[in-house]
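Quick notes on the structure that follows.
Numbering (full-length UniProt numbering), first residue to last: 1 to 182.
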């Protein structure tokens, strides 16, 4: 049962967003495992949906395969990159239920992008924070509209959950500022 409306156009906004971030970090995975096409296949399946194709088993199966590739990754940054690719394809099946864990399906790919930047810098948290700011600048208002249909996620102890919670707060605040300006 749906808690709110989530149209195919809304889903395409989310999938496009996740795919853009996943595509940016795909080379990280491909450098680590150059013969493994699973994350790339997930990104291509996501792009098909964004391009107007109906959701299909292709998005689901490639998402699962990319997530398995993440488990096979030899490093944390490669794991995060494959996970982002899987999330991009899986976002086509975002559920219209008011559960905070759904926010991860919207924001994990850009969060992974920020965390990869931080890890590649030698664990400089300032790099991750700057990457989150860059994500905010590139986030379209249509994505924020979809995000705000979901409850705010609870923060966690990991750096990843901290970055995602920060991204979520900033994006929701940007909508409130826009609403006040209107």
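C-beta: ideal position from N, C-alpha, C; glycine also.
- Between residue 43 and residue 88, the C-beta spacing is below 8 angstroms.
- Close CB contacts of residue 91 within its chain, under the 6 angstroms cut and outside five residues either way in sequence, are with 14, 15, 18 and 105 (chain order).
- Across the structure, residue 142 and residue 10 are spaced so that their CA atoms are roughly 8 angstroms apart.
- For residue 97, the three-state secondary structure derived from DSSP is coil.
- In the same chain as residue 121, and ignoring 5 residues on each side of it, the C-beta atoms closer than 7 angstroms to its own belong to 127, in chain order.
- DSSP places residue 3 outside both helix and strand once states are collapsed to three, so it counts as coil.
- Rounded to the nearest whole angstrom, the C-alpha separation of residue 1 and residue 171 is 27 angstroms.
- In chain order, 41, 42, 45 and 89 place their CB closer than 6 angstroms to the CB of residue 62, counting only its own chain and leaving out the 5 sequence neighbours on each side.
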